[in-house]
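Counting from 1, position 213 in the sequence shown corresponds to residue 220 in the numbering used here; the numbering is continuous, with no gaps.
Just so it is clear, CB atoms sit at the ideal spot from N, CA and C, and this is done for glycine as well.
Each remark here refers to the structure printed beneath this line.
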Amino acid sequence: MIDKTVPSAAEAVRDIPDGASLAVGGFGLSGNPIALIEALLAQGTTDLSVVSNNCGVDDWGLGVLLHAHRIRKMTSSYVGENKEFERQFLSGELELELTPQGTLAEKLRAGGSGIAAFFTQTGVGTQVAEGGLPRRYDGHGGVAVASPAKDVRTFDVHGRPREFVLEEAIVTDFSLVHALRGDRHGNLVFNKAARNFNPLAAMAGRVCIAQVEELVEPGDLEPDSIHLPGVFVHRVVEVGTDIDKRVEKRTVAPTGGH
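Right, here's the structure in full:
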């Protein structure tokens with residue numbers, strides 16, 4: 008039997024070196040692999056290049072690594088809700104590759120599927136394709152590094168010529184993901200909104216590390232309920248069902264309201 012379990016989050020991330028690239032699951036604060044992130048923070052790993060939909064908030068998720076200046080570059084779709092992210096980017100401390108959300112998802116999926124690149128209409132006619140988006144500021148209001156122009160080609164679609172921009176796939180050194188449950192072979196099941204970027208991030212990492220709330224034995228998971236097969240997963244650590252899971256904004260109706 009291939010047992011991929013490790014005893015702790017600290018042990019699971021121990022060989023992630025300074026300068027590594029990471030694909031990290033999560034959408035907002037849903038599905039953040041917080042135990043693995045905190046273990047990475049505790050061991051002092053720095054100079055990280057991180058691919059994730061967003062960067063958590065100031066005191067949670069990837070925001071804890073950002074606040075400690077452990078992240079050199081972010082590749083993200085959304086940069087709101089995090090004042091420290093804004094400050095570091097505008098001051099020139101952080102490099103940012105801003106990527107449309109659907110494009111980012113497909114770049115991760117393509118990387119995990121062995122596809123080198125793909126064409127998409129998203130971004131045609133904008134700086135996404137034409138280049139010039141700020142990636143790093145110089146700290147004085149000027150742009151130190153800008154995005155390059157991308158290859159744009161015309162294809163016939165349903166009898167009409169349309170332009171498409173070439174986007175390269177993403178493959179990272181490691182990936183960190185959170186799942187509701189998993190077995191010792193690495194098969195994973197995600198819960199509702201946490202099934203967002205987690206499967207895609209898992210696919211893109213050369214070494215995928217999954218934290219699971221519940222660890223079960225091989226065969227306990229219904230085959231048709233498995234969202235990500237264990238072939239993509241290399242390490243599994245159980246973190247328990249009482250792990251902290253934050254909500255960015257909670258909106259409720261007044262008590263007794265109509």
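Legend entry - Nearest neighbour of A211, chosen from L47, V184, E221 and I44 [CA to CA]: Here residue 211 is taken as the residue at index 204 of the sequence shown, counted from 1. The option with the nearest alpha carbon to A211 is V184.
Legend entry - Contact the region 114-133 vs the region 157-177: 3+ CB pairs below 8 Å: Contact holds: three or more Cβ-Cβ distances are below 8 Å.
Legend entry - Sub-9 Å separation of T52 and R242 beta-carbons: Working through the sequence shown from its first residue, we reach residue 52 at position 45. Working through the sequence shown from its first residue, we reach residue 242 at position 235. No, the pair does not count as a contact, with Cβ atoms beyond the cut-off.
Legend entry - Closest by C-alpha distance to I41, when choosing among G189, V57 and W67: By one-based count along the sequence shown, residue 41 stands at place 34. Ranked by how close their Cα comes to the Cα of I41, the residues G189, V57 and W67 have W67 in first place.
Inset, instruction - Please work out which residues of its chain come closer than 6 Å, Cβ to Cβ, to S154, disregarding the five sequence neighbours upstream and downstream, and give them in chain order. - result: To locate residue 154, count along the sequence shown from 1; it is residue 147. Non-local beta-carbon contacts of S154 in its own chain, meaning distances under 6 Å to residues more than five positions away in sequence, involve G138, L140 and R142 in chain order.
Legend entry - Candidates N39, V159 and E102: closest to V152 by CA position: Translated into the one-based positions of the sequence shown, residue 152 becomes position 145. Selected option, being the one with the closest Cα: E102.
Legend entry - A112 Cβ short of 8 Å to the ligand ADP heavy atom set: This structure lacks the ligand ADP; in fact it carries no ligand of any kind.
Inset, instruction - Return helix, strand or coil for K199, following the three-state DSSP convention. - result: Residue numbering aside, residue 199 sits at position 192 when the sequence shown is read from its first letter. Looking at K199 - three-state DSSP - the assignment turns out to be helix.
Inset, instruction - Could you please give the first and the last residue of the uninterrupted alpha helix (DSSP H) stretch that includes H76? - result: Your numbering for residue 76 matches position 69 in the sequence shown. Careful: H76 lies outside any alpha helix (DSSP H) and carries neither H nor E.
Inset, instruction - Along the beta strand (DSSP E) that carries G109, what are the first and last residues, could you check? - result: As a position in the sequence shown, residue 109 is number 102, starting the count at 1. No beta strand (DSSP E) contains G109, which is instead part of the alpha helix (DSSP H) from Q108 to S120.
Legend entry - Nearest residue (CA-CA) to G226, options E220, Q218 and P236: Position 219 of the sequence shown holds residue 226. Restricting attention to E220, Q218 and P236, the CA atom closest to the CA of G226 is found in P236.
Inset, instruction - Quick one: using the 10 Å Cβ neighbour count with 16 as the cut-off for buried, is S120 buried or exposed? - result: As a working mapping, residue 120 is identified with position 113 in the sequence shown. Exposed, since its Cβ has fewer than 16 Cβ neighbours within 10 Å.
Inset, instruction - Pull up the distance between the alpha-carbon of E245 and that of A75, whole angstroms please. - result: In the sequence shown, residue 245 corresponds to position 238, counting from 1. In the sequence shown, residue 75 corresponds to position 68, counting from 1. Those two C-alpha atoms are separated by around 26 Å.
Inset, instruction - Please confirm whether A30 and S59 have their CB atoms less than 9 Å apart. - result: Indexing the sequence shown from 1 puts residue 30 at position 23. Indexing the sequence shown from 1 puts residue 59 at position 52. Less than 9 Å separates the beta-carbon of A30 from that of S59.
Legend entry - Three-pair Cβ contact test at 8 Å for the region 22-37 versus the region 200-214: Yes: at least three Cβ pairs fall under 8 Å.
Legend entry - Beta carbon of V238 nearer than 9 Å to that of G189: As a working note, residue 238 is residue 231 in the sequence shown. As a working note, residue 189 is residue 182 in the sequence shown. No. Outside cutoff.
Inset, instruction - Please name the residue in H147, A136, R202 and A176 whose C-alpha comes closest to that of R160. - result: Stepping through the sequence shown from its first residue, residue 160 is reached at position 153. Checked all of H147, A136, R202 and A176; the closest Cα to R160 is A136.
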